[in-house]
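Protein chains in written order, with numbering that gives the first Met the number 0: chain F, 0 to 455; chain X, 0 to 455; chain B, 0 to 455; chain L, 0 to 455. To keep things clear, I will list the structure first and then write my remarks on it.
4 protein chains.
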Amino acid sequence: MGKRSSLTSDEAGDFGLTAPIWAGTPAEAATGDLAFLRALLDAEVALAGITSTDISDIAAAADELLPHAVRDLARRAAPAGGNPVIPLVKALTEAVAARNPAAAESVHLGATSQDIMDTAFMLVASRTRTGLLADLTRAASALEHLAAEHAHTPMAARTLTQQALPTTFGLKAAGWRDLVLDAHDRLASVVLPAQLGGAAGTLAAFGAELPPESVLALPDAFAAELGLAPPRLPWHTLRTPVAELGTALAVTVGSLGKLAADVLVLTRTEIGELAEGSGGGSSALPHKSNPVRATLIAAAARTAPALAAVLLGSLAAEDERPAGAWHAEWLPLRDLLRLAGGAAHHAAVLAEGLRVNPGRMRDNLAFTRGLVTAEHVAAGLAPILGRRQARDLVTTASRKAAAAGIPLRVTLDEELGPLTGHPSPELLDELCDPAAYLGSAPALTLRALARRPAGG
Amino acid sequence: MGKRSSLTSDEAGDFGLTAPIWAGTPAEAATGDLAFLRALLDAEVALAGITSTDISDIAAAADELLPHAVRDLARRAAPAGGNPVIPLVKALTEAVAARNPAAAESVHLGATSQDIMDTAFMLVASRTRTGLLADLTRAASALEHLAAEHAHTPMAARTLTQQALPTTFGLKAAGWRDLVLDAHDRLASVVLPAQLGGAAGTLAAFGAELPPESVLALPDAFAAELGLAPPRLPWHTLRTPVAELGTALAVTVGSLGKLAADVLVLTRTEIGELAEGSGGGSSALPHKSNPVRATLIAAAARTAPALAAVLLGSLAAEDERPAGAWHAEWLPLRDLLRLAGGAAHHAAVLAEGLRVNPGRMRDNLAFTRGLVTAEHVAAGLAPILGRRQARDLVTTASRKAAAAGIPLRVTLDEELGPLTGHPSPELLDELCDPAAYLGSAPALTLRALARRPAGG
Amino acid sequence: MGKRSSLTSDEAGDFGLTAPIWAGTPAEAATGDLAFLRALLDAEVALAGITSTDISDIAAAADELLPHAVRDLARRAAPAGGNPVIPLVKALTEAVAARNPAAAESVHLGATSQDIMDTAFMLVASRTRTGLLADLTRAASALEHLAAEHAHTPMAARTLTQQALPTTFGLKAAGWRDLVLDAHDRLASVVLPAQLGGAAGTLAAFGAELPPESVLALPDAFAAELGLAPPRLPWHTLRTPVAELGTALAVTVGSLGKLAADVLVLTRTEIGELAEGSGGGSSALPHKSNPVRATLIAAAARTAPALAAVLLGSLAAEDERPAGAWHAEWLPLRDLLRLAGGAAHHAAVLAEGLRVNPGRMRDNLAFTRGLVTAEHVAAGLAPILGRRQARDLVTTASRKAAAAGIPLRVTLDEELGPLTGHPSPELLDELCDPAAYLGSAPALTLRALARRPAGG
Amino acid sequence: MGKRSSLTSDEAGDFGLTAPIWAGTPAEAATGDLAFLRALLDAEVALAGITSTDISDIAAAADELLPHAVRDLARRAAPAGGNPVIPLVKALTEAVAARNPAAAESVHLGATSQDIMDTAFMLVASRTRTGLLADLTRAASALEHLAAEHAHTPMAARTLTQQALPTTFGLKAAGWRDLVLDAHDRLASVVLPAQLGGAAGTLAAFGAELPPESVLALPDAFAAELGLAPPRLPWHTLRTPVAELGTALAVTVGSLGKLAADVLVLTRTEIGELAEGSGGGSSALPHKSNPVRATLIAAAARTAPALAAVLLGSLAAEDERPAGAWHAEWLPLRDLLRLAGGAAHHAAVLAEGLRVNPGRMRDNLAFTRGLVTAEHVAAGLAPILGRRQARDLVTTASRKAAAAGIPLRVTLDEELGPLTGHPSPELLDELCDPAAYLGSAPALTLRALARRPAGG
C-alpha cells in the first residue's frame, strides 16, 4: 500500500460514491464544497466592494484561501456558532491582515453570517441553474424531434396498467416535452435575490458611515455586483425565495420522473417499445440492458419531494433568525440542486439516445386481438344499431373474445349475426384497426410542439 | 336516548371533529363531499352541454341526485373501479333515463372518469381559492395597518433565540404582509384547467360525430362552460397543474406559519409583546389566554409540506393513467385546500384582532441592560478609538456587564476610563438607547408597504 | 327535489367520496367522527370512574350526548381553545347537571384536554388495530396458500424492469407474506398507553383529595379501565407512542404496497401473469379489467410515508404542551389508521381472490429465447471450459441471440462449434431450460412459510 | 496562490461545509465515502471467504485499492449500471488478477451488485450505530444526573406558550432521558442483516458447486463473517430492515429534537433558565451566546422525518429489484445515519455542559404574580367554599389580578372579603406558593430514573 494508506474516512472527502445521479455531472462541480466556499468568498469580496474603495487585497486573500480551507472550515463551523461563515471571516480577516492590516477592517463590514450564507446559496443556485436549464433545453429539443418524427406512430395507450386505446408515440413524447418546458419556464422564473440586512435585518450597522438613502441602496448594489436579483426586503426569515427555488427544483425532478416512469414501463422485457441508448450492464447477467438513466431519474423523483417538504417547512421561521429552520435548509437545498442537475443531465442524454421500436408498438397494439378498438367499434356501430345497443353488443363481443382468446373481429361477426343492415366487412375491418383510431393525437402533438420555452 | 341512538359511525359522517383548523371556516363548505359531488355533476352537465343541444333533463336529474347520493357513491367507488365517477355516471344515467331516455344517451359521452374527477377537483379548487384569496387580502390589509401604525415602535430583534439588536414592530408586520402577498400572488397565478381527453387522452371518442377541428375545440368549450382555464393538452399524466396548485397552497400555509411562529414567541408569558384578540381558554386553567389561532396555523404549517410532497411525487405518473399516482392526489389535495383555507381564515381574524403591547416591547429591549446596543456603541466609538479597538472595548464591556448583571453604560465608563478624547456622556447615552438604533427599519417598512397585491 | 334540497355542504358531512381506499371498510366506522366522540366520552367516563364512586349519571349523559353532538362540537373547537374537549366537557357537564348536579362536579376532574384527546386517540387506534391485524392475518393466510401451491411454479425474476433469471411464484408470494407478518408483528407490538397527567403533567390536581401514592396509581387505573397500556410517565410531550404507532402504520401500508406494486406489474396487459379476482370496470372501456385494489393500495403507499413524517416531526415538541406539534398529529394519525385499515382490507380481498396464470408465467419465461438462463449455462459450462472462458462465450452467444432474435440454444451451438469435450446436447437443453434453474427458491419458500405471526 | 490553485470543485470532495451537524463528529468518519468503500470491499472479501479457501490475495488487493478508488468509482457508477459495485468488481478483479490470476475467479462469485451494496450499507449502519448508541448513553447519563440533582427544583410548566402550573426541572430532564432511552432501545433492537441472494434472490448461482443445504447456509455464514444478522430471506425487495433502521434513526433525531426544542425555549433571553455550556458566538454581536448545539439538533429534527419518508416509500418496491425505489434509499439512509450520529454527539455534549439557573426558574414562576397557582388555590378553597364556587372565585380573582397587574394573593383577599369561615392567611400564602404545588413531579421523576437502558 502506498503513501496514502493512512488516509482516514474524514480526511478522504465525499465524491458521490453512493450518488450516481449526480456524480460526474455538471451539478457536482457546481454544488461541491469548493464551489460553495468560492461563493462565500465571492459574497465577502462583493460586500467589501460596495463599502470600500480598494478591495484588491481582500480579493487576493480570498483567492489564496480558497483551495485550502474547505475541510478546516467545515470542522470549525459547529463549535464556532453553527455555520461556516464565522470561521471563514476569521480566516479571511487574518489573511487580509497579513497583506494589509487596514484592509482587514473592511472584511464582513456591517454584515451578518446569514447575509453571506444566503447569498452564497443563491450564487450556487444561480450557477447550477445555468447548466440545468441548458440540459432541460437539450432534453426538450430531443423530445421535440422524437415527437415530430413519431407524430403518427401508433402505440397502445395504457391506463391502470391495461391497454386502453391506441395513441401515438408522438403525443407521448410531446407530453414529456411539455412537462420539461413547464419545469424549465418555472425554474427560469424563480427570483434569486442577494441577501443583505445585517444582524437584525435593519441594515443598522451600515448607518454609521452612510446617509440613510445610501444604506437602502446597498443591497441592490451588492446584488448587482454578484449578478443576483435585488431583494425587496432583507429576507432572513421571509423565505419565499428558498421555498420557490426548492419547489421549482422538485417540480423539475418530478417532471423528468414522468419521462423516466414511462421509459421504465416501455423498456420492460415483455413490452420492449423503447430502449435507452446505452443500457447499463449487470454484474451478474451479461445479456441484460438495464434502463439505468431512467432508474436514476426515477430514484431522484422519489427523493426530491421530501427535500422540498423540508424547505416548505422552513417557511415558518420564528424571529429575525430562527434556531433550526434556517440551518435545516442547507442539506435539502443543495441536494435538490444536485438531484435536479443530475436528473436533467441524464434526461438529456436519455432523450437524445432513446431508441424507439415502432414494430414492437404495433405488435403490442395487436396483443389484445382487437379489444383496444372496442370503443371505436361501438362508436362506428352506433349509427346502425343505436348507441346503447351498439355498446352492449361490443361489450358482449369483447368479453367473449377475451375469454376465448380469439379476435374481437370474430366475436363481432358472431354477435352481429345475419342482421339486416349489417355493417360491411370493410367497415368492420377498419373499425378494428388500431391505427385507424388515433383520434386527435397527431393534431394535439402538432399544437403542443408549437410551444417554445419562455425566453428561449 | 332519542331516535338517532342507533346511528353508526359510518352513517354519521365526518364534520372535522379533530380538524379545528378548518371546521366552520369557509373552506369546509367549499371542499366537503357535497361540494365535491356538486362539482362532479357540474362537470357532467357541462360536458353534455358542449355536445348536446338540450341538457335540461340532465341538469334537472343532477339537481335531484345531489343531496342524496354522497354516502352511497362513496361506498360504491372502490368496487366499481376505484373512483366515484363510475357509479355516479350510472346513477345519473338512470335518473336522466327516468325523465328522458333519449337524453340518457348524452350522459358522459366521450369522456373518461378522470376527465370528470380532475375537472371537479379544479372546480373545487377554484371555488375554494376565491374565499382563500379574500382571506389573504383581509390578512394583508390588517397587517398593513399594523405595520403603518408601528413603523417606529422599537422592539428587540431576536436571532437564535437571543435578543440581538433593536428593530421595529412595523418592519416585522411589513415582513409578514410581504409573505402573505407573495402567497396571494402565487396562488392567484396558478392555472386551473379543465380536463378533457377521453379514455386515452386523444379525444378519439368525440371524433365519431364531429370533424377534427371541432374536436380540438371541445376542451376549450368545456373549460369556458365551467369558468376554468383551457388545457394545452389533456393532462391526465402531465400533472403540472396539481403540483403547482399543491405547492402554492403549501407556500401559503407556510407563509402564514411565519406569522404564527412569531405570534407564538411574542405571546409567551415572559415576553408578552403580543396577544391574540380572543385567546382560547383552558379546560383546567381559567386564567390562561392561549394563542389558539396561531397554534392551529402552526399545526397546519407542519402538515402542509408533507401533503405537497405527495403531490410532487405524483408528477412521476406512468402511462396514460397511472395506477396509484393519480389516486394518491385526492387526499392531500383536498386537505391542502382545507388547511390553506382554514389557515387564511384564522390568520385574517388573528391579524385583525392582534393586540400589540409597545410597553412590553420597550421593557424587553431594556432586559439586557444595554447589550442589544453593543453594535451601535462599537460603531459610535470607532471614529474616536479606531474600529478594532472600539470593538474590543465593547466586547470586554459587554462581557463584564453580562457577568455582573449591570448596565453596559456602567461598564463602558469603566473601560473607557480617563481617556483623552473620551466620548461625551450624551453621546454614550444615545449610543446606549435602543430606540436610537433602528437602522433602516422604518424606511424598509415604508418601501415594503408600497407593494400592492397583483391584480389588486 | 325533495326535503333535503337545502342541505349545505357543511351540513352534509364527509363519507369518503374521494377516499375509496377506506370508504366502506371496517376502518371507516372505527375512525369516524362518531367513533372518535365515543372514545372521548369513554375517556371522560373512565376518568370519573377512577375518582368517583357513582358514575351512572355521567355514563348516561354521555350516551345521550353521543349521537347528536359531533357537528356542534367540531364547530366550537377552534374558538373554544383549539380542541373539541373544551366544548365537550361543557356539554357533558351540563347534561350531567340536568340529571344530577352533584355528579356534574366529577366531570373531567383533575384532567386536562390533552389527557382526554390523547387517550381517545389511543382508544380509536386500539379499536382500529383489532380489525387491521385481523385483515393482515387474513392476507397472510391467503398468501401462505398461494406460496405453498406455487412453490415450484417457475416465473421470471425481473430486475430493473428486465427479465433476469427464473424464480418461482411461490417465493414471491412467500416474500409478500413475510412482509405482511413483519408489519403485523410490528404493529401488534406497539404500546398504546392511556394519558393522564393533568394540566402540567404533574398530576397535581389529583393531590387535593388523594394521598401521593394513590395519585401515582391513577394513570394505571385509568388505563386498565379502558383496556389501554399504563403510561410510564405522562407523555404530553414525550411522543414515542404516537411516533411508533405512526411509523408502524406506514410500514404496514408500505409493505402492502410491495404486494400491490408486484400485482400492478404482473397484471399488465403484456405480462398477464396475475389478475385481481374482480377487476374494476372502466367508464369508457367495457373490456378492461383494472387492478383496482392494487391501485388503491399503491396510492395509499404513496401517501402514508408523508403522514408518518409529520408525526415524526412532532416528536420535537416544546414545553409541557406544544403550540402546534400536538395539534398537527390529529390529521395524519387518523388518516394513517384509515389508510392502513383500508389497505389491509383490500389486500386481504385481493390476496384471497388473486388469479394466477402459470401458463403466462411459462410463456413469458420463454420470451427471451433462453437469455434468462445465461447464468445457468455459464455455470454449467465452467467445469468444461473454465469459468472465465465459459462466461465470455455465453456473453457472446447471448448478444448474438438478442441481436438476431434467435434462441440462445442456437447461438450457443454456433459459439461452441466442434470443440473437443463439447457439452452434450442433453446438458445444453437442460442448462437452457428455465424451469431447471430455480436455485433455492423452493427451499427458501419452505423456510419462510415455517414462520408464524407473533402471538398467533 | 499555491500549487493546488487549479483544484476544481469536483476534485476537491465534500467535507460537510454546509453540514455542521455532523462535520467533525464520529458519524462523519463512519459514513464517509471511504468508510463506505471499505464496507463494500469487506463484503467482497467476506463473500470470497465463504466460497474459497484462500482469500489472502483478494484481501490484499482490497487493502491496496481502498485509499485510491473513491472518486474514480463514483464517476463510473452511473454509466456502468447505476451503482458503484459494477466498476468496483472490475477494479478489484483486475487488482487480484495482477497478484494471482486464479484467485480473480473467486471475486464476486455468485453475487449480485445489490448483495454487496445492501451488505455494505448494513455494515456502515452497524459501525455508525456503535458510536451513536454510546453517545445516546452518554446523553442519558448526563440527563440522569440533571434529573436527580433537580428533582425538587421548581420551574414553570408551559402549555401553548403560557405558564400553566409549577413543575420541576427534574421531571423535565427525566422526560428527556426517557425519550433518549426509548430511542436507544429502539435503535439497538433494529436487526441489520447481511444480504445474499444472487441475481434473482434464489441463490441459484451458488448451486453449481454446492449441494442445496450448503447453499441455504451461505447467507448465514456470510453474515457471521461480517458480524451482521443472518437474513430470513434474500430481502432485495423485502425492505423491512431499511424501513426499520430509517424510522429508528428518525425517532432518535426527533427525540433529541424534544430536548433541543426545550433548550431553545429556556435559553431565550427573556427566560434564561438554561444555557449551553459553550454557546456559539455571533459574527456581528460579540455579547450573544447562542444555543448552537440545540439549533443544529433542531435543524436535524426538521430534516430527518422527510428522509425517513423516502425510505418508507421505498417499501413498495416492484419485482426482484426495483428501478428506482432501491437507488432512492442511498441518499436518505446515509444522511439519516449522519444526522442521528451528529445529533446524538451534540446532544451528549449539550447535556453534559448544560447550565441550569434555578434562580431564573424561581423568578419566572413569580412572573404571573401567583396566577400559576390558581388551580392549587381553587382546590384548596373547595373544601371551604364548594368546588364550583371556589373555581368561580379564583377565576374572577385571576382575571382581576391579570388585568391590574397585581398579585393574585391581593385579589383573592378582595374577592373572599369578610366571609365567615375565611381561609387563614397562612393557608392562602401556601396555596399561592408555586413551590408548594409540585404535584407528583418528584415521585414521577424518581420512578422514571429507575429505568435502565435495554441491555445496559
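Quick reminder that beta carbons are idealized off the backbone N, C-alpha and C, glycines included. Note that this is a predicted model, so its numbers are computed, not measured.
Within the region 16–104 of chain L, the runs of alpha helix (DSSP H) that reach at least 4 residues and sit entirely inside it are, in chain order, 25–30, 32–50, 55–64, 69–79, 84–98 and 100–103. The beta carbon of Pro304 of chain F falls within 7 Å of a beta carbon belonging to chain X, placing the residue at that interface. Per the Cβ contact rule, the region 166–186 of chain F is in contact with the region 234–252 of chain F (3 or more Cβ pairs under 8 Å). Annotation for Ala110 of chain X: Leu46 place their beta carbon closer than 6 Å to its own, counting only its chain and skipping 5 residues before and after. Scanning X:His345, X:Arg267 and X:Ala365 for the CA closest to the CA of Glu317 of chain F turns up X:Arg267. For Glu269 of chain X, the chain L residues whose C-beta falls within less than 7 Å of its own C-beta are Glu269, Ile270, Asn363 and Phe366, listed in chain order. Contact between His326 of chain L and Gly80 of chain L is ruled out by a C-beta separation of about 11 Å, above the 8 Å threshold. Each residue's CA atom was taken as its position, placing Leu108 of chain X and Thr50 of chain X some 8 Å apart. Each of X:Pro290, X:Gly15 and X:Ser277 was checked against the Cα of Arg74 of chain B, and the nearest Cα belongs to X:Gly15.
Annotated as distal: Leu202 of chain L and Ser125 of chain B, with beta-carbon spacing of 7 Å or more. Residues of the region 382–396 of chain F with a C-beta less than 8 Å from any C-beta of chain X: Arg386 and Arg387, listed in chain order.
Within chain F, no residue has its CB atom less than 9 Å from the CB of Arg128 of chain X, the nearest being about 18 Å off. Nearest to Trp21 of chain F by alpha-carbon distance, out of F:Phe366, F:Ala401, F:Leu370 and F:Leu335, is F:Leu335. According to the DSSP assignment, Arg157 of chain B belongs to the beta strand (DSSP E) that extends over Pro153 to Thr158. Annotated three-state conformation of Asp177 of chain X is helix, per DSSP.
The alpha carbon of Leu415 of chain X has as its nearest neighbour, out of X:Ile383, X:Val69 and X:Gly31, the alpha carbon of X:Ile383. The bridge partners DSSP lists for Thr166 of chain L are L:Met154.
CA-to-CA, the gap between Gln162 of chain B and Ala187 of chain F works out to about 41 Å.
Contact check between the region 220–240 of chain X and the region 254–264 of chain X: fewer than three CB pairs, one atom from each, fall below 8 Å, which does not count as touching. As for any alpha helix (DSSP H) of minimum length 4 sitting wholly inside the region 375–409 of chain B, the runs are 386–403, ordered along the chain. Per DSSP, reduced to three states, the secondary structure at Leu273 of chain X is strand. Contacts with chain F at 7 Å (Cβ-Cβ) do not include Thr152 of chain X. About 33 Å separates the beta carbons of Leu237 of chain X and Ala346 of chain X, which is beyond the 8 Å limit, so they are not a contact pair. Annotated as proximal: Ala324 of chain L and Ser313 of chain L, with beta-carbon spacing under 7 Å. Pairing Asp184 of chain F with Ala172 of chain X, the inter-Cα distance amounts to about 32 Å. The Cβ-Cβ distance between Thr158 of chain F and Arg451 of chain X does not fall below 7 Å. Straight-line spacing of the CA atoms in Ala103 of chain L and Arg333 of chain B works out to 56 Å. If you draw a straight line from the Cα of Ala377 of chain X to the Cα of Glu10 of chain F, it is about 40 Å long.
Within the model, the alpha-carbon separation for Leu443 of chain B versus Leu209 of chain L is close to 16 Å. Under the DSSP definition of a beta bridge, Ala228 of chain F partners with F:Pro192.
Ala315 of chain X places its beta carbon 7 Å or farther from that of Ala138 of chain F. Among the CB atoms of chain F, none fall inside 7 Å of the CB of Asn82 of chain B. Across the region 210–240 of chain L, CB contacts with chain B closer than 7 Å involve Pro211, Val214, Leu215, Arg231, Leu232, Thr236, Leu237 and Thr239, in sequence order along the chain.
Taking 7 Å as the threshold, the shortest C-beta distance from Ala141 of chain B to chain L does not fall below it.
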